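J.:
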Amino acid sequence: MLDLKSLKCFVVLAEELHFGRAADRLHISQPPLPMKIRALEAELGLPLFQRSSRRVELTHSGQILLTEARRVLNDAEQLVKLATALELGEAGTLAIGFNALLAYRLMPQLVSDFAERYPQVKVTLHEMVSSEQVAALLEHQIDVGLLRPPLPPGFRSLSLGSEEMVVFLPAKHPLALQETLALASLAGEPMLMFSHGESSYLHNLTMEMCTAAGFAPVVRQETRHIHAIAALVGTGMGVALLPASAGFIHMDGIAIRRLQKDDADGVVRRAHTVLATLQTNANPAVQHFWSFVQEAATTVENAELHFRTQ
0 MLDLKSLKCF VVLAEELHFG RAADRLHISQ PPLPMKIRAL EAELGLPLFQ RSSRRVELTH
60 SGQILLTEAR RVLNDAEQLV KLATALELGE AGTLAIGFNA LLAYRLMPQL VSDFAERYPQ
120 VKVTLHEMVS SEQVAALLEH QIDVGLLRPP LPPGFRSLSL GSEEMVVFLP AKHPLALQET
180 LALASLAGEP MLMFSHGESS YLHNLTMEMC TAAGFAPVVR QETRHIHAIA ALVGTGMGVA
240 LLPASAGFIH MDGIAIRRLQ KDDADGVVRR AHTVLATLQT NANPAVQHFW SFVQEAATTV
300 ENAELHFRTQ
C-alpha cells in the first residue's frame, strides 16, 4: 500500500529537483528524504530519479508517474474535505417532503437558496400529503417535511406561518357577485372537501369553521388532492374552503372570495404549515436546513393572492 507521505515527498522533490529545497517545503530535515524516496522506488520497483553529485533529474518513468501521483494526492485531499463536509452536514443528501400548495411559492425559494449555500448537499423533493409525509419521516424515507399539523410524539417542528381560508366557488355562482362572503351563506351548498383519512387537518378545519357558522356542510365529494377539488369547483360541482395559497392554481371557471372578517365565531380560521423532522434524525444536513429556514423567516403569509372572477 502506497504511503501518501512518501508520494508527497516524490512530488515535491520532482518539482524542486533539489533535496534541500524539497526538505524545506516538506518541513522535514534533509537526511530522511532520500530514504523515503528510495523506499518508494523499492515499492514501485523502478527508479524515479537519476542522481549525481550535482543534480537530480526525473527518469522517464518518474515523469509519467508524477502526473498520476499528483492526481492521487489531489483525490486524497478531496476525499478528506468531503469527509469533513459530510461530518459537518455541508455535503451529503437531504430528502424533503412537501404538500402540493407549497410547490408554488415557499418550497421552491427555500430549496433554491439552500442549494446555493450548500451546493454539496444533494436535495431530493417528494410531493406528498401531510399524512404520507409523517409516515415517510417515521420510515426515514424523507428527512424533513413541509406539512400541516398535528404531529405525533417524537417529532420537532418549526412554524412556517399560517394563511387564511377562502372560498372557491364556480365563477357563475350567484355568490360570486359578492366581494366577501359570510361563511353561513354556504349552508346548504354542496361542498367539496379534503378526505378525512389522508388530509385530516384541512378536513377538520373545514368542519370546525362550518360548525362555528352554525351549519353542517353538505359534503358532495371528498378527495386528498387540492388540484382535484379546484377542478371540480370549476365544473360547477360545488364550493370549497381552501387555503389562500390555492389561488396560485390557475383554472378556468373559478371565483375566489375572502370570508368576512367577523365571521365564524369572530375569527376567520387559518391553515398552518410547519417544518418537521424526527427528533432522532441523525442526518447532519437536517440541522443546516432547519437553521436556514429559521434564518430565512419566510412564511406563507408573505405570498400575494390574486383573486380572479373567471
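Residue numbers (numbering that gives the first Met the number 0): 0 to 309. The beta-carbon is built from N, C-alpha and C at its ideal position, and this holds for glycine as well. All values derive from a computational prediction rather than experimental measurement.
1. Report back the beta-carbon spacing between Thr205 and Leu180 to the nearest angstrom; my notes put them in contact at under 8 Å.
2. Assuming Leu274 and Leu159 make a contact with CB atoms under 8 Å, what is their CB distance in whole Å?
3. Report the rounded CA-to-CA distance for Ile255 versus Met236, giving the unit in angstroms.
4. Can you tell me whether DSSP reads Thr297 as helix, strand or coil?
5. What is the rounded straight-line gap between the Cα of His271 and the Cα of Asn203?
6. In the DSSP assignment, find the unbroken beta strand (DSSP E) run with Ser156 in it and report its ends.
7. From Val285 to Val143, what does the alpha carbon distance come to, in whole angstroms?
8. Go ahead and label Pro169 buried or exposed: buried means 16 or more other beta carbons lie within 10 angstroms of its beta carbon, across all protein chains shown.
9. Helix, strand or coil: which one does DSSP assign to His202?
10. Curious, which full-length beta strand (DSSP E) runs of at least 3 residues does the region 22-71 contain?
11. For the region 241-250 against the region 106-119, do three or more pairs of beta-carbon atoms, one drawn from each stretch, fall closer than 8 Å, so that the two count as touching?
12. Using a threshold of 8 Å, is the CB atom of Phe288 nearer than that to any non-hydrogen atom of the ligand ATP?
13. Short of 7 Å in beta carbon distance, which residues of its chain neighbour Glu126, apart from the five on each side in sequence? Order them along the chain.
14. Return the bridge partner residues of His322 from the DSSP annotation.
15. Go to Phe113, then tell me how far its alpha helix (DSSP H) extends in each direction, as first and last residue.
16. Do you know offhand how far Arg37's Cα is from Ala82's?
17. Grab me the residues of Leu201's own chain with a C-beta within less than 6 Å of its C-beta, minus the 5 sequence neighbours each way, in chain order.
18. For Lys121, which three-state DSSP category applies?
19. How many Å lie between Val120 and Arg219 at the Cα?
20. When DSSP labels each residue in this structure, what does Gln259 get in the three-state scheme?
21. With a Cβ-Cβ cutoff of 9 Å, do Leu43 and Ala13 count as a contact?
22. Could you say if the region 210-217 and the region 143-152 meet the contact criterion of at least three C-beta pairs nearer than 8 Å?
23. Is the beta carbon of Pro232 sitting closer than 9 Å to the one on Leu191?
24. Nearest-angstrom Cα distance between Leu93 and Leu145?
T.: So, from the listed chains and residues:
1. Rounded, the Cβ-Cβ distance is 14 Å, inconsistent with contact.
2. 6 Å
3. 15 Å
4. In this prediction, Thr297 has a pLDDT of 46, which is less than 50 and means its spatial position is unreliable; nothing more can be read from the coordinates.
5. 13 Å
6. Element bounds for Ser156: 154-169.
7. 7 Å
8. Buried: at least 16 other Cβ atoms inside 10 Å.
9. It is helical.
10. 48-50, 55-57
11. Using a Cβ-Cβ distance cut-off of 8 Å, the region 241-250 and the region 106-119 are not in contact, since fewer than three pairs of beta carbons, one from each stretch, lie closer than that value.
12. Of the ligands one can find in the structure shown there are none, so the ligand ATP has no counterpart to examine.
13. For Glu126, the CB contacts under 7 Å within the same chain, skipping 5 residues up- and downstream, are Phe97, Ala99, Ala102 in chain order.
14. In the structure as shown, the chain begins at 0 and stops at 309. Residue 322 is therefore absent and cannot be evaluated.
15. From DSSP, the alpha helix (DSSP H) with Phe113 extends over 105-116.
16. 32 Å
17. For Leu201, where only same-chain residues beyond five positions count, the Cβ hits under 6 Å are Phe193.
18. Taken through DSSP and simplified to helix, strand or coil, Lys121 comes out as strand.
19. Spanning the two alpha carbons is a distance of roughly 45 Å.
20. coil
21. no
22. Two segments are said to touch when three or more pairs of C-beta atoms, one from each, lie closer than 8 Å; by this definition the region 210-217 does not touch the region 143-152.
23. Here the sequence assigns Val to residue 232, which means Pro is not the residue at that position. Going by C-beta atoms, Val232 is nearer than 9 Å to Leu191.
24. Computed Cα separation, rounded: 13 Å.
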